[in-house]
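**Q** Mind looking over this structure? Questions follow.
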Amino acid sequence: MVIDLISIIPELIVTGFGLLVLMLSVFIGKKFDRAIAPVITAGIVLAIGAVFAFNFYNPASAFNNSFVVDNFSSFFRIFTLITALIIVGLSVGYVKESVYIKRNLGEFYFLIMMVTVGTMLMSSSGDLIMLFLSLELVSIPTYILAGYEKMNERSNEASLKYFILGVLASAILAYGFSLIYGATGEINLKEIAQIIINRDLLSNSYLLIVGTIMALIGFGFKIGAAPFHWWAPDTYEGSPTIITTLITTIAKLAAFSGLIRFLFIGISRFKDSVWIILFIIILSMLSFILGNFMALPQKNFKRLMAYSSISHAGYMLIGFAAATMDAQWAVFVYLMAYIAMNLGAFSVAMLVERTRKSEEIKAFAGMGYTNPFISICMIIFMISMVGIPPFAGFIGKLFVFKAGVEANLTWLVIIGVLTSVVSLWYYVNIIRHMYFIKYEGDAAAAKIKAPKLNVFIISVLALFNIAMVVVPSVFILIGKNAVTLF
Amino acid sequence: MHLQLGFELKLLYFLVMSAVLLGIGIYGVLTRRHLVHILLSIELILNAALINLIAFSAFTTPDKMTGQMFAVFIIVVAACEVGVGLAIILSVYRKKNTVDIDNMNILKW
């Protein structure tokens, strides 16, 4: 019992601080608003400390093996908490200017904390029930957050579309899990893997294969892979920008960590089944083809980033299709690069949106001369997204593609490289707007207001993007350590 | 199963039933235009999963309760989803005065 509680101390801390903020904001009222962000920050920092103190390199399993503490979960929890910390940092200035979020600040931060807890639980889940529940714990608060601007039609619609497709995905996922349970008679991921090997189920049980593919459909919805990506552009565009950032980073992290747990631990021999591999390859290929080509005509920055994140999901799926040991840490490294560049791009876009009141790509016009530092950081993020050498995106793509080639998927990698050339066009388009197009609008909005906190966060993220190329060995080591226990 | 029904209950009956429910649910999501109907269709899919779990639990692993535990959790999650979903539908209705999915077309492409 005690060891059970020690394993979940970080989650308990995050949940506790979320509830604390919720309750205090109800009882103290408006006066508490200024203190919410510092309290939340303290909670997250405390949770990071708790991971280092109790869980790091200290494997354990709790609650009848449904909650597993291993290297992957420890690294992933720290990763998630740092992402959450950055999002809270970005939200401080943003919420002051948003009429709706300002009105219910306590609930807003409470829901963000719940998404964080869901992601942390997801990365430590040891059985199917835990996977399903933590996926829901991530999803349900994000449905609410996407519709947080209650009187804004676009926000309503974004939330509605996200909700319907998200719930459909969870339902199909649940059905898939029920079939897997039926085929193996177990819900514990490690025991499922054992039974599959013992009884050779992947070659003779259609129940298991259909179940796995249905679960993959469910996860595919959540990560925004191609035939199931239709919610992504609308939800990204309609929700408040801070929530878009949350959906493209933490919610995606959750889905990917769930997928890593499910495929690499649960159905660990999925390479034996042609159908499953074929399904993943189709998802991956459609994702980067559709994502990159659909992004070309976009005029709205958030919608553009939605298609870009679809294509990134496709690149990460190459790692799953390869399914080697190297592919596992390659996916982890890619995730780190993806989070760094996406957070960076959105933090710049958030500043632009706050000053110029527009999310169009046109709003970036002329900022290269009025705000040189931020613009240079934005160039770093954009080039990193394309995957051109001196920045993080390159390292991510490099290892995933390498894993793909080693697993004889060279043709898939070639299509991936070619489509990532296409992506150069629309990312560079933003840089073109920043430097070569004059801003025609309100003269007062020509210079973008950049609070110190946001500039600090942007420069840290830019440094991270550079660091991943300067000392890739550190990040490879982190990735390798994170997946060693598999 | 030892029920006095005049015939023997088999696992297959339950699986066919749940597959049919799944089919109806997906068909409903794709064709219905009213948001509440869509929500109900999704509930049908969740219930299909539920029937599956309980049937597998009763027939293949009768000595363990894991499948039924899972079913209870799915019921809880389904209730949460309906709560959040109806709230979202209500806020859409307040703004637009309609819950027809064809009118949700501000955001496209």
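In order, the protein sequence lines correspond to chains A and B. Anchor point for the first sequence: position 462 equals 1351 in my numbering, and the numbering is continuous, going up by one each time. Anchor point for the second sequence: position 32 equals 35 in my numbering, and the numbering is continuous, going up by one each time. Yeah, the Cβ is synthetic: ideal placement off N, Cα and C, and Gly gets one too.
Could you spell out where the alpha helix (DSSP H) holding VAL958/A opens and where it closes?
**A** In the first sequence, residue 958/A corresponds to position 69, counting from 1. Here VAL958/A belongs to no alpha helix (DSSP H); instead the beta strand (DSSP E) covers 956-958.
**Q** What are the residues that DSSP puts in a beta bridge with GLU1249/A?
**A** Taking the first residue of the first sequence as position 1, residue 1249/A is located at position 360. DSSP output for GLU1249/A lists ASN1189/A as bridge partner(s).
**Q** Alpha carbon to alpha carbon, what distance is there between GLY1065/A and ASN1087/A?
**A** As a first step, residue 1087/A is located in the first sequence; it is residue number 198 there, counting from the start. As a first step, residue 1065/A is located in the first sequence; it is residue number 176 there, counting from the start. When rounded, the distance between both Cα atoms is 21 Å.
**Q** Does the CB of ASP1123/A have a neighbour CB from chain B at under 8 Å?
**A** Counting from 1 along the first sequence, the entry for residue 1123/A is found at position 234. It does: the Cβ of ASP1123/A has a partner Cβ on chain B nearer than 8 Å.
**Q** Classify ASP1016/A: buried if its beta carbon has 16 or more other beta carbons within 10 angstroms, exposed otherwise.
**A** Within the first sequence, the letter at position 127 stands for residue 1016/A. Answer is buried; the Cβ neighbour count reaches 16.
**Q** Please list, in chain order, the chain A residues whose beta carbon lies closer than 8 Å to that of MET107/B.
**A** Locating residue 107/B in the second sequence gives position 104, where the first residue counts as 1. Simply GLU1046, LEU1049 and LYS1050.
**Q** So if I threshold CB-CB distances at 8 Å, which residues from the stretch 1008-1022 of chain A count as touching chain B?
**A** So the close ones are LEU1017, ILE1018, PHE1021 and LEU1022.
**Q** Compile a chain-ordered list of the residues in the stretch 33-44 of chain B whose CB is closer than 9 Å to at least one CB of chain A.
**A** Answer set for the stretch 33-44 of chain B: LEU38, ILE41, LEU42 and SER44.
**Q** Just tell me which of SER1236/A, LEU1054/A and ALA1212/A has its CA closest to the CA of THR1138/A.
**A** Walking along the first sequence from the start, residue 1138/A turns up at place 249. THR1138/A has its Cα closest to that of SER1236/A, out of SER1236/A, LEU1054/A and ALA1212/A.
**Q** Quick one: is LEU93/B near chain A, going by C-beta distance under 8 Å?
**A** Taking the second sequence and counting its residues from 1, the one referred to as residue 93/B is at position 90. Judged by the 8 Å Cβ criterion, LEU93/B is not in contact with chain A.
**Q** Spell out whether any CB of chain A is found under 8 Å from the CB atom of LYS13/B.
**A** As a working note, residue 13/B is residue 10 in the second sequence. No, because no Cβ of chain A sits closer than 8 Å to the Cβ of LYS13/B.
**Q** On the DSSP bridge assignment, give the partners of ASN1077/A in chain order.
**A** Position 188 of the first sequence, counting from 1, holds the residue named residue 1077/A. In the DSSP output, where bridge partners are listed per residue, ASN1077/A has ASP1016/A.
**Q** List the residues of chain A whose Cβ lies closer than 7 Å to the Cβ of GLY88/B, in chain order.
**A** Working through the second sequence from its first residue, we reach residue 88/B at position 85. By Cβ distance, chain A contributes PHE1052 and VAL1056.
**Q** So ALA1351/A is in the alpha helix (DSSP H); what residue range does that whole segment cover?
**A** Numbered from 1 along the first sequence, position 462 holds the residue referred to as residue 1351/A. 1341-1359 is the span of the alpha helix (DSSP H), which, as asked, contains ALA1351/A.
**Q** Exposed or buried, what is ALA1332/A when buried is set at 16 or more other beta-carbons lying within 10 Å of its beta-carbon?
**A** As a working note, residue 1332/A is residue 443 in the first sequence. With fewer than 16 other Cβ atoms within 10 Å, it is exposed.
**Q** If distances are taken between C-alpha atoms only, which option among ILE1001/A, PRO1030/A and ARG1192/A comes closest to LEU110/B?
**A** Here the question's residue 110/B lines up with position 107 in the second sequence. Selected option, being the one with the closest Cα: ARG1192/A.
**Q** Please report how far the alpha carbon of PHE1209/A lies from the alpha carbon of LEU1179/A, in whole angstroms.
**A** Along the first sequence, one-based indexing puts residue 1209/A at 320. Along the first sequence, one-based indexing puts residue 1179/A at 290. If I take the Cα positions, the gap works out to 19 Å.
**Q** Tell me which residue opens and which closes the beta strand (DSSP E) that SER950/A is part of.
**A** Sequence index remark: in the first sequence, residue 950/A carries index 61 (1-based). SER950/A -> beta strand (DSSP E) spans 949-951.
**Q** If you draw a straight line from the C-alpha of TYR16/B to the C-alpha of VAL1275/A, how long is it?
**A** Here residue 16/B is taken as the residue at index 13 of the second sequence, counted from 1. Here residue 1275/A is taken as the residue at index 386 of the first sequence, counted from 1. Spanning the two alpha carbons is a distance of roughly 52 Å.
**Q** Which complete alpha helix (DSSP H) runs does the stretch 1149-1191 of chain A hold, if anything under 4 residues is left out?
**A** Segments of the alpha helix (DSSP H) lying fully in the stretch 1149-1191 of chain A: 1163-1184.
**Q** Please identify, using Cβ separations under 7 Å, the residues of the stretch 48-70 of chain B that lie next to chain A, in order along the chain.
**A** Flagged, chain order: ILE48, LEU49, ALA51, ALA52, ASN55, LEU56, PHE59, THR63, THR64, THR69 and GLY70.
**Q** Which of the three DSSP states, helix, strand or coil, is assigned to ASP893/A?
**A** Working through the first sequence from its first residue, we reach residue 893/A at position 4. If DSSP states are grouped into helix, strand and coil, ASP893/A belongs with the helices.
**Q** For chain B, find out if any of its Cβ atoms is closer than 8 Å to the Cβ of GLU1042/A; answer yes or no.
**A** On the first sequence, residue 1042/A is found 153 positions in, with the first residue counted as 1. Yes, its Cβ sits closer than 8 Å to a Cβ of chain B.
**Q** Anyone know if the C-beta pair for LEU1020/A and MET1011/A falls short of 8 Å?
**A** For the purposes of this step, residue 1020/A is taken as the residue at position 131 of the first sequence. For the purposes of this step, residue 1011/A is taken as the residue at position 122 of the first sequence. Closer than 8 Å, so yes.
**Q** CB-CB under 8 Å to VAL1302/A, same chain, minus the five flanking residues each way: which ones, in chain order?
**A** Here residue 1302/A refers to the residue found at position 413 of the first sequence. Closer than 8 Å at the Cβ level, and outside the excluded window around VAL1302/A, lie ILE1207, PHE1290, GLY1293 and VAL1294.
**Q** Give the range of the alpha helix (DSSP H) segment to which TYR1125/A is assigned.
**A** Within the first sequence, numbered from 1, the residue matching residue 1125/A stands at position 236. Element bounds for TYR1125/A: 1120-1127.
**Q** Between the Cα of LEU1097/A and those of SER1157/A, ASN1041/A and LYS1050/A, spot the shortest distance and give me the residue it belongs to.
**A** Reading the first sequence from its first residue, position 208 is the one you call residue 1097/A. It is SER1157/A whose Cα lies nearest to the Cα of LEU1097/A.
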